[in-house]
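Asker: In my numbering, the protein residues as written are 21 to 367.
One structure coming up, written as structure tokens, with questions to follow.
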Amino acid sequence: MFSSCFFSASPRPRVPASLPLPLFPLILIFALLSSCTREMRGPLAFVSNERDGTITIINTATNRVVSTIQVGARARGIHLSPDNSHLFVALSYPTNSRRGEDKIAEIDVASGSVIAKYDAGTDPENFIISADGARLYIANEDAGTASVTDMKTNHVVATMVVGFEPEGVALSPDGRWIYVTSETNSMVSVIDAQSNKVIKTFLVDARPREAAFSPDGAWAYVSAENGGTVSVVDVKSHTVVDRIQIPGNGEQPAKPKGVVVSPDGKTVYVATGRANSVAVIDAASRKVLAMIAVGERPWGIAITPDGRRLYTANGISNDISVIDTATNKVISTIRAGDGPWGVVIRP
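What follows is the structure, encoded as structure tokens:
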């Protein structure tokens with residue numbers, strides 16, 4: 021369930037002389053609840069916090085934390101349903117306790133209630149929802165598989181071997197292709213969403229983490245943590261055509277993780293992990309244009325639908341950096357839970 025909305029400390033309000041004292045607390049509570057409701061109806065960012073099993077909810081118009089959802093497990097991959105009404109989060113217990121709780125939880129955004137839990141493989145880390153909202157494609161880290169769960173029946177209808185430690189899962193804009201990264205094998209598996217079969221694999225640099233497609237579906241970008249690169253993939257042939265080296269910060273090498281493409285397809289943004297920055301890449305020239313300093317160990321990254329703001333989940337500093345993409349400057353830092361992992365934005 022939702023916790024109460026958070027409000028900044030402010031001076032104690034003065035009670036109007038004409039207002040009966042017993043009524044004032046009720047009016048104040050009503051005003052606060054009305055404010056909370058307005059903020060929850062606005063554009064929101066949802067952040068999964070890996071170490072404390074919570075979801076932080078941020079109003080992106082005000083950049084205020086408005087609520088927190090307790091999910092009670094290791095929360096990592098996080099996504100919204102195609103209609104943005106339901107939130108999904110990957111829950112796992114890597115200590116081998118309560119293995120039956122390895123699930124994908126579905127949360128009703130309006131009420132904050134967990135309304136369903138879907139079967140997954142061992143230690144689900146990330147997933148994607150099919151374009152029609154009917155299936156979950158899940159990367160099961162410990163199992164080395166990708167599983168497909170029918171959300172209507174809650175049955176796993178297909179399981180595919182995709183290499184050791186699968187993590188990143190990305191869906192092409194046309195809903196046809198799913199890319200799954202394998203950290204240990206430095207490999208990407210291409211799944212045909214129509215047949216639920218792996219139709220091709222290809223190598224990228226060491227320890228690939230995430231993949232993201234361009235809005236037109238022509239290109240995909242795959243981050244490689246240990247390789248320090250982003251591979252550019254021609255989606256038509258599922259072939260790597262270029263590699264972009266991501267610079268470090270002088271003290272730490274870049275460890276690329278989260279990757280997102282701007283809505284116009286012109287810019288690629290990459291969270292660099294230990295280098296505590298976001299790389300800004302021009303998609304046309306494939307050159308790094310800027311490095312933006314953010315919090316410690318940025319992991320997940322998301323962009324608003326209008327392309328004006330970036331949000332990074334900083335796993336060590338336990339906060340969210342908000343970046344103005346026009347200036348490539350951090351304009352706000354927001355406290356999150358313990359171990360921010362992923363972030364997704366609802367318009």
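Even for Gly, the Cβ is constructed at its ideal location relative to N, Cα and C.
If you're wondering where the values come from, they're calculated on a predicted model, not measured in any experiment.
Hey, quick one: how far does the beta strand (DSSP E) through Phe-7 stretch, first residue to last?
Answerer: Residue 7 falls outside the range modelled here, since the chain spans only 21 to 367, and no answer is possible.
Asker: Provide the residue(s) that pair with Tyr-289 in DSSP beta bridges, ordered along the chain.
Answerer: Val-280 and Val-300
Asker: Using a 10 Å radius around the Cβ and a threshold of 16 neighbouring Cβ atoms, would you call Glu-145 buried or exposed?
Answerer: buried
Asker: Classify Ala-333: buried if its beta carbon has 16 or more other beta carbons within 10 angstroms, exposed otherwise.
Answerer: buried
Asker: Exposed or buried, which one is Ala-81 when buried takes at least 16 other CB atoms within 10 Å?
Answerer: exposed
Asker: Less than 7 angstroms between C-beta atoms, sequence neighbours within five positions excluded: which residues of the same chain meet that for Thr-204?
Answerer: Gly-183, Phe-184 and Glu-185
Asker: Go ahead and pull the three-state DSSP assignment for Arg-229.
Answerer: strand
Asker: Skipping 5 residues on each side, what residues in its chain have a beta carbon closer than 7 angstroms to that of Gly-121?
Answerer: The sequence as given places Glu at residue 121; Gly does not occur at that position. Hits under 7 angstroms: Ala-93, Leu-111 and Tyr-113.
Asker: Looking at the strands, I want to know which residues DSSP matches up with Val-208.
Answerer: Thr-201 and Phe-222
Asker: In whole angstroms, what is the alpha-carbon distance linking Asp-284 and Ala-310?
Answerer: 18 angstroms
Asker: Taking the alpha carbon of Val-261 as the point to measure from, which residue in Arg-306, Gly-248 and Ile-301 has its own alpha carbon closest?
Answerer: Arg-306
Asker: At the level of alpha carbons, what is the spacing between Ala-130 and Ser-101?
Answerer: 13 angstroms
Asker: Cα-Cα, which of Ala-159, Gly-362, Arg-355 and Val-168 is closest to Asn-83?
Answerer: Arg-355
Asker: When you compare each of Gly-327, Val-252, Phe-147 and Glu-230 to Ala-238 by their alpha carbons, which one comes out closest?
Answerer: Val-252
Asker: CB Val-308 to CB Ile-266, shorter than 8 angstroms?
Answerer: yes
Asker: Going by the CB atoms, is the gap between Glu-245 and Lys-286 shorter than 8 angstroms?
Answerer: no
Asker: Alpha carbon to alpha carbon, what distance is there between Ala-231 and Lys-256?
Answerer: Going by C-alpha positions, Lys-256 is about 16 angstroms away from Ala-231.
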